Amino acid sequence: MSKLKKTAIWITLLALVLKFIGFIREGMIAQEFGANDYTDGFLLAFTFVTLIKTLIKNGFNSVFLPQYVQSRKENEQLAEQNANSLLNYTILLLIAISGVCYLLTPFFVPIVFGSMSPVTEEVTIEMTKVFFLFMLLIGLTSVLESYLQAVRSFVPNQIVNILGTLMATVFILLFADVWGIYSIAYGFIFGLFIGLLLQIYYLYKYGYRWKPTLKVERVFLKTFTILLVPALLHSSVGHINVFVNKLFASGTVSGAVTYLNNSSLLMSIPSAIFQTTIVAIVFTLLAEQADQKEKFKNTLYLGYQLGLLVLLPIAIGIWLVGEAAISFIYERGAFSAEDTQNTVVALNMYIPLIVTQGLLLIPVKGMYAIGQTKKLLMISSTTIFFNALFNYLFLIPFGYPGLALSSSVVSFFYLVFLTTALYKNYPKSELLRLVTLFVKVAIPTAFMAVPILLLQWFTPIKEIYSLYQLIIIVPVGAIAYVMGLFLFYKEGFNKMLEVLRKKRKKKETTPK
């Protein structure tokens, strides 16, 4: 097995580990602090700093990384000088941002987040000040991701993310009684500090040498500056929309931000797994077939087909067992049964997003493959406006669950617009084929739901512990879905078997 393939496997495994530890952390937060003004304040501050971290990471990954790699091929010495100078300018900028924003936090937090309860406002301000105090550390770990990727060192970056999440969990266990909700932030920062040391070690190992210089090639700096804003906008739309949702939620009921956060974490798992498995295969095929119109079209259809076959039954399954899943993950300690019900209400509004968010990866990858990045940027940018608009429209009649519904509606329209744009040069019958595909998958999915509903309606299964409910219901649903596919959508059944056989064959033939 090649080194790159081994790295890809490690990255996938570490990404799943990160998700798992993330759930443990959220479970610990729920147990220790519940869902209230304090957790809302933490999540608002954490979402804000996460957005900044993501913007920095995406900006460097999208702009600096390709520039640096290309310039190294032409003039390695000049490339290293530019890389050092840009890093030093970034460090100075982060120090300046850290100092200024730390002092201004009490003034801009109420403006940015709007109406909040006094407790939520106090926690948000103090937590944001903590994060800004360590902005150099937070920003630097994001910047160095690109420097490590340039030398094909990917695993340390995943470990950095794991350390931040893991240490936040450990600090809850050790210091929650002393520092309260702030123990999460201190643990996160401590984890990033260890991660930064790890990044520096690997950079040194792969030959990178830091120099105190600010001399940067004008063309390099100009190109970086021009490309930075569109790259940030394009790669961070989803994070911006999440941040906007929490802004709106902060002015509703106590715990609303926490309910939305906890439900969205459960909702995001299926698309994350789908992205790290099937989408990677489909994108490779799309990239290879970009200039072969017929093959490209068939591969697109395959992506949508596999997406619906995997995600639609999962979405309906989560809708049916969502209460048991939320109860098992969160309901203990300070997180009450009422908090579970409030989280389930938000989760139900997120259900369509499980399908649309996963399927969106197909047209996005397709547009990348054929070079339609400008059109993709234009369409994706409009979602920020529509997300804010639907948030406003749905918040009044539905309350905080309306924000989850807004995300689902915007994601649906985004999927429709992207798919329509991608199929523009194909006959309209191809779009109709996708609609027919949805109906074909919906029938075995409905067949799957029948035995689950019968169990819930006519047996006392809801009275037993949530984990035992899941142990019984999930296998029943899985078996019923496979039977439904075999009976009502034989083509889909055979396609799933084909994918599984290919994966098994690949494992068997891979040299160890």
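Here the working numbering runs 5 ahead of the position in the sequence shown, where the first position is 1.
Don't be surprised by glycine CBs; every beta carbon is placed ideally from N, CA and C.
Please read all numbers here as calculations on a predicted model, not as lab measurements.
*What's the call for residue 229, buried or exposed, on a 16-neighbour Cβ count within 10 Å?*
buried
*residue 191 in three-state terms, based on DSSP*: helix
*Around the Cβ of residue 516, are there at least 16 other Cβ atoms within 10 angstroms (buried) or fewer (exposed)?*
With a pLDDT of 45 at residue 516, under the threshold of 50, the predicted position of this residue should be treated as unreliable, though the coordinate-derived value follows. Its Cβ having fewer than 16 others within 10 Å, residue 516 is exposed.
*Within 9 Å (strictly less), CB to CB, does residue 469 reach chain C?*
In the structure shown, chain C cannot be found, because there is only a single protein chain.
*Whole runs of the alpha helix (DSSP H) within the stretch 450-497, excluding any shorter than 4 residues*: 471-493
*When 439, 63 and 169 are compared against residue 307, the one with the closest alpha-carbon*: 439
*asked:* Please state the DSSP three-state secondary structure of residue 516.
replied: Residue placement at residue 516 is poorly supported in this model, since its pLDDT is 45, which falls under 50; the coordinates still yield a value, given next. Residue 516 falls in the coil class under three-state DSSP.
*Going by beta carbon distance, what residues of the same chain come within less than 6 Å of residue 460, once the five residues before and after it are set aside?*
466
*Buried or exposed: which applies to residue 378, given that a residue is buried once 16 or more other Cβ atoms fall within 10 Å of its Cβ?*
exposed
*Which class does residue 1 belong to by DSSP, given the choice of helix, strand or coil?*
Not covered by the structure: residue 1. The range shown for the chain is 6 to 517.
*Starting from the N-terminal side, write out each stretch of the beta strand (DSSP E) that is 3 residues or longer and does not extend beyond the stretch 250-286.*
none
*If you compare alpha carbons, which of 179, 406 and 214 is closest to residue 84?*
214
_Whether or not the stretch 139-149 and the stretch 271-278 are in contact is what I'm after, with contact meaning three or more pairs of Cβ atoms, one per stretch, closer than 8 Å; do they touch?_
no
_I'd like to check one pair, residue 52 with residue 251: are the Cβ atoms closer than 9 Å?_
yes
*Taking the Cβ atom as the reference point for each residue, do residue 112 and residue 91 lie within a distance shorter than 9 Å?*
no
*9 Å Cβ cutoff met for residue 351 and residue 406*: yes
*asked:* By alpha-carbon positions, which one of 122, 148, 108 and 155 ends up nearest to residue 138?
replied: 108
*Note down, in chain order, each residue of its chain lying with its Cβ closer than 7 Å to the Cβ of residue 247, except the 5 sequence neighbours on either side.*
52
*If you draw a straight line from the alpha carbon of residue 99 to that of residue 487, how long is it in whole angstroms?*
53 Å
_Please state whether the Cβ-Cβ distance between residue 40 and residue 344 is less than 9 Å._
yes
*Going by beta carbon distance, what residues of the same chain come within less than 7 Å of residue 169, once the five residues before and after it are set aside?*
193, 196, 197 and 200
*Grab the span of the alpha helix (DSSP H) containing residue 372 for me, first residue to last.*
342-374
*Run through DSSP, which three-state label would residue 339 get?*
coil
*Buried or exposed: residue 383, going by 16 or more other Cβ atoms within 10 Å of its Cβ?*
exposed
*Taking the alpha-carbon positions, what's the residue 355 to residue 268 distance?*
8 Å
*Can you check the stretch 127-168 for any alpha helix (DSSP H) of at least 4 residues that lies completely inside it and give the ranges in chain order?*
140-155
_residue 62 - DSSP class collapsed to helix/strand/coil_ = helix
*asked:* Quick check on the DSSP output: the alpha helix (DSSP H) that includes residue 75 runs from which residue to which?
replied: 70-79
_Tell me the rounded alpha-carbon separation between residue 399 and residue 205._
47 Å
_Can you tell me where the alpha helix (DSSP H) holding residue 121 begins and where it ends?_
It is not in any alpha helix (DSSP H) - residue 121 carries neither H nor E in the DSSP assignment.
*In this structure, does DSSP put residue 3 in helix, strand or coil?*
Since the first residue of the chain shown is 6 and the last is 517, residue 3 is not available in this structure.
*Mark residue 449 as exposed unless 16 or more other C-beta atoms lie within 10 angstroms of its C-beta, in which case mark it buried.*
buried
*Option in 149, 132 and 131 with minimal Cα separation from residue 65*: 149
_Excluding the 5 residues flanking residue 93 on each side, which residues of the same chain have their C-beta closer than 6 Å to its C-beta?_
219
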